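Engineer:
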DNA sequence: TTTCATTATTTAACATGTTAATAATAATCC
DNA sequence: GGATTATTATTAACATGTTAAATAATGAAA
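Protein chains in written order, with the numbering used here: chain W, 1 to 156; chain U, 1001 to 1156.
1. What does residue 1149/U touch in chain W if you count any residue whose Cβ is under 7 Å from its own?
2. Could you tell me which chain U residues have their CB closer than 8 Å to the CB of residue 68/W, listed as they occur along the chain?
3. In angstroms, rounded to a whole number, what distance separates the CA positions of residue 1145/U and residue 102/W?
4. Against residue 947/U, what residues of chain W qualify as contacts under a CB-to-CB distance less than 8 Å, listed in chain order?
5. Note down, in chain order, every chain U residue with its Cβ under 8 Å from the Cβ of residue 141/W.
6. Taking 9 Å as the CB-CB limit, is residue 1042/U close to chain W?
7. Flag residue 969/U as yes if its beta-carbon sits less than 9 Å from any beta-carbon of chain W, otherwise no.
8. Could you give the distance in angstroms between the alpha-carbon of residue 135/W and the alpha-carbon of residue 1154/U?
9. Any Cβ of chain U within less than 9 Å of the Cβ of residue 153/W?
10. Mind checking the segment 99-126 of chain W against chain U and listing, in chain order, the residues whose C-beta falls within less than 8 Å of any C-beta there?
11. The alpha helix (DSSP H) with residue 1139/U in it runs from where to where?
12. What does residue 1093/U touch in chain W if you count any residue whose Cβ is under 8 Å from its own?
13. On the CB-based measure, 16 or more other CB atoms within 10 Å of its CB, does residue 1073/U come out buried or exposed?
14. Ignore the nearest five residues each way along the sequence and tell me which others in residue 143/W's own chain have a CB closer than 6 Å to its CB.
15. Could you say which of 1044/U, 1023/U and 1058/U lies nearest to residue 26/W if we only look at CA atoms?
16. For a cutoff of 9 Å on Cβ pairs, would you count residue 1030/U as touching chain W?
17. Does the distance from the C-beta atom of residue 67/W to that of residue 105/W stay below 9 Å?
18. Classify residue 23/W as helix, strand or coil using the three-state DSSP reduction.
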């Protein structure tokens, strides 16, 4: 009956996890990798990681932002963010200072060198995204974004 | 005009990257995180990372598999896989030996202790997935998987 | 105002992601 | 058959992911 299994096994199906190729976690991972594969080489030419670019970009979008807010927007865990901030500050792309009203908070701001990066990388990034969107279809991208958002907020 | 911007900026929109909240890379990341958030605590109770579980699972699905094939199926880069294999072998969950026909290749096989893990974790994993699928809708999961696969194979 | 709980960030420790380089074996070419 | 090239896996070096614990500052309660 032309079963589509990838390979034979000696175990009955009932004892096995469902097929790995049709599982959401791996499918999401693959899709994300495919998308980032288009951006990464360009970012690498500018000596930026994906996460560093997200941080700079959000500072350009939102102005001054504290670390907690940044962690939420960029979807980066606090310990990673600490390291990324240190690195970006050492490179002079962002500036960091304590909040005067709340000594626990760290406020982040983009530096002139960071704005220069935005000016250089931004157009390239948008061009890549536009190409991707055109290939996949703008409405399908919208539909996909909606579904992904639903999935992400299932429990909320 | 009720602009929906998250916060004010002094820069004109044209110079900014498009809004971070509606970008595929972050949306895929968020969705994946939300999904894995359901599995990770359970896997942690069995002292397994997500990646280790994928490797064991694929060996249970596919029997003997070489490292290259495993890297493709589990979507894990070779250097990570090397470390994961070492760890799983030290824990006795898998066995590893050189291919007699091709001395470069490493063949992987699940060990009895690994089968025990499959028997313990498999049902829990399937239960979590089933709940997720029920919440999100089986057809929508299928549609999402199709779209993700399309996205992942855009350039192919 | 001293104490206690809470919140924001950092550090620690380990696992994985990422790219480049290396070592070992196979395959190809002359 | 010997040099060259390609393939497979590992190692190296650095960045990020992940959880837990430590620090530091704030806010609330006693």
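Positions of the beta carbon are idealized from the N, C-alpha and C atoms, including for glycine. Treat the numbers as computed from the prediction; the structure is a model and nothing was measured.
Structural biologist: Short version:
1. To locate residue 1149/U, count along the second chain from 1; it is residue 149. Ordered by position in chain W, the residues that pass the 7 Å Cβ test against residue 1149/U are 27.
2. Mapped onto the first chain, residue 68/W falls at position 68. What residue 68/W touches in chain U: nothing, since even the nearest Cβ is about 15 Å away.
3. As a first step, residue 1145/U is located in the second chain; it is residue number 145 there, counting from the start. As a first step, residue 102/W is located in the first chain; it is residue number 102 there, counting from the start. Using only the alpha carbons, I get a separation of about 45 Å.
4. One cannot answer for residue 947/U here, as it falls past the ends of chain U, which runs 1001 to 1156.
5. The residue labelled residue 141/W in the question sits at position 141 within the first chain. By Cβ distance, chain U contributes 1024.
6. As a working mapping, residue 1042/U is identified with position 42 in the second chain. No, residue 1042/U lies away from the interface with chain W (no Cβ there is under 9 Å from its Cβ).
7. The requested residue 969/U is not part of the displayed model; chain U covers only 1001 to 1156.
8. For the purposes of this step, residue 135/W is taken as residue 135 along the first chain, with counting starting at 1. For the purposes of this step, residue 1154/U is taken as residue 154 along the second chain, with counting starting at 1. Cα to Cα, residue 135/W sits roughly 8 Å from residue 1154/U.
9. The residue labelled residue 153/W in the question sits at position 153 within the first chain. With 9 Å as the cut-off, residue 153/W counts as an interface residue toward chain U.
10. Under the 8 Å Cβ criterion, the segment 99-126 of chain W contributes 118, 119, 122, 125 and 126.
11. The residue you call residue 1139/U lines up with position 139 of the second chain. From DSSP, the alpha helix (DSSP H) with residue 1139/U extends over 1138-1152.
12. As a working mapping, residue 1093/U is identified with position 93 in the second chain. Correct list: empty, because the minimum Cβ distance to chain W is about 15 Å.
13. Indexing the second chain from 1 puts residue 1073/U at position 73. Under this definition residue 1073/U is a buried residue.
14. As a position in the first chain, residue 143/W is number 143, starting the count at 1. There are no such residues.
15. Position 26 of the first chain, counted from the start, is the residue given in the question as residue 26/W. Considering only alpha carbons, the answer is 1058/U.
16. Position 30 of the second chain, counted from the start, is the residue given in the question as residue 1030/U. Answer yes: the Cβ-Cβ gap between residue 1030/U and chain W drops below 9 Å somewhere.
17. Counting from one through the first chain, the residue named residue 67/W turns up at place 67. Counting from one through the first chain, the residue named residue 105/W turns up at place 105. Yes.
18. Residue numbering aside, residue 23/W sits at position 23 when the first chain is read from its first letter. Coil.
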